[in-house]
Structure formats: structure tokens, C-alpha cells
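Here the structure comes first, spelled out in C-alpha cells, and everything after it is commentary.
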Amino acid sequence: MNTKTRPSTLHWQPALQRPEEYVCGLDDIHQAIHIILRTPRGSDPHRPLFGSNLWRYIDYPIERAIPHVVRESVEAIRMWEPRCRLLKVTPTIDGEHLTLRVQWRAADGVINSTEMLWR
Numbered sequence: 001m002n003t004k005t006r007p008s009t010l011h012w013q014p015a016l017q018r019p020e021e022y023v024c025g026l027d028d029i030h031q032a033i034h035i036i037l038r039t040p041r042g043s044d045p046h047r048p049l050f051g052s053n054l055w056r057y058i059d060y061p062i063e064r065a066i067p068h069v070v071r072e073s074v075e076a077i078r079m080w081e082p083r084c085r086l087l088k089v090t091p092t093i094d095g096e097h098l099t100l101r102v103q104w105r106a107a108d109g110v111i112n113s114t115e116m117l118w119r
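Here is the structure:
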């Protein structure tokens, strides 16, 4: 996270829910993964294929939704985030809540993970 007026890196984007700030580097990839998974495919008129189809499984029983949610997550991240190599997506169930832990490797070779509460 940064608050400079001009980012000095090639890859950056405005920080979500933090006006006047931006993210770059690994934080940019973490945020991009969240955006990819939370954007319903077809909702961006300029990029109709952008996002994921996770929304299709929101009303499925959690046990039936898991394989679909993992598959959709893997496909969307591989398609839309070329700066990282996806290693695995691990679902964690807590009652009716499902958290996705996305493990990925950036160009530096270090394994990172991004967690997202799906429902």
C-alpha cells in the first residue's frame, strides 16, 4: 500500500476502499485475485469474459458447490492473472461459510496465498 501521487512501478492499481492510496507488487496481485473472483463474468461491458462464474453456485448446498467453486476459481485466475503461477485453491468450510485459500507463486519464486470469504 502506498500514498504517493505517482506510482513508480509498472503494475499498480488504486487500493480498494482506501481513497488516495494504491497497491503495487505482491499487494497488487492479491487485490487482483480478489477482483477476479468477486466479479461476475459478463458484468464488465468492456471485457465480457472477465471475472468468474462463482456467483452461479451461491445457492448450492455447500458440499455440492465446492468442486464447482474450486474449478471456476482456478480457471478464472489462470485466465486473468498472468503475473502469478497458480498452485492450488483450498476450500475451508465453517458452517455455511466457505473461504477460499489461493496459493500462488510470483516471479520471485516465493509461495504466497490469498484468502477470500466466498459466502
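The opening position of the sequence shown corresponds to residue 1 in full-length UniProt numbering, with each subsequent residue numbered one higher. We treat Cβ as the ideally placed atom computed from N, Cα and C, and that holds for glycine. What you are looking at is a predicted structure, and each value in this text was computed from that prediction instead of being measured.
Asked	Found
Here's the rule I'm using: 16 or more other beta-carbon atoms within 10 Å means buried, otherwise exposed. How should Gly51 be labelled?	buried
Would the stretch 14-23 count as touching the stretch 36-55 if we require 3 or more Cβ pairs under 8 angstroms?	no
Shortest alpha-carbon distance to Leu100 belongs to which of Val70, Pro19, Asp28 and Arg56?	Val70
So Val102 and Ile33 are in contact, right, with Cβ under 8 angstroms, and what is the actual spacing, rounded?	6 angstroms
Within the same chain, show all residues whose beta-carbon is closer than 8 angstroms to that of Arg78, passing over the 5 residues directly before and after it, in chain order.	Leu86
Mind reading off the beta-carbon distance from Arg83 to Ala106? Whole number of angstroms is fine, and I expect it under 8 angstroms.	7 angstroms
Write down every uninterrupted run of the alpha helix (DSSP H) in the stretch 17-48 whose length is 4 residues or greater and which is fully enclosed by it, in chain order.	26-38
Does the beta carbon of Pro91 come closer than 8 angstroms to any beta carbon on chain D?	Among the chains in the structure shown there is no chain D, since it carries only a single protein chain.
Between His97 and Leu10, what straight-line distance do the alpha-carbon atoms span, to the nearest angstrom?	36 angstroms
Assuming Ala76 and Ile35 make a contact with CB atoms under 8 angstroms, what is their CB distance in whole Å?	The pair is not a contact, with the Cβ atoms about 10 angstroms apart (cut-off 8 angstroms).
Please report how far the alpha carbon of Thr39 lies from the alpha carbon of Ser73, in whole angstroms.	11 angstroms
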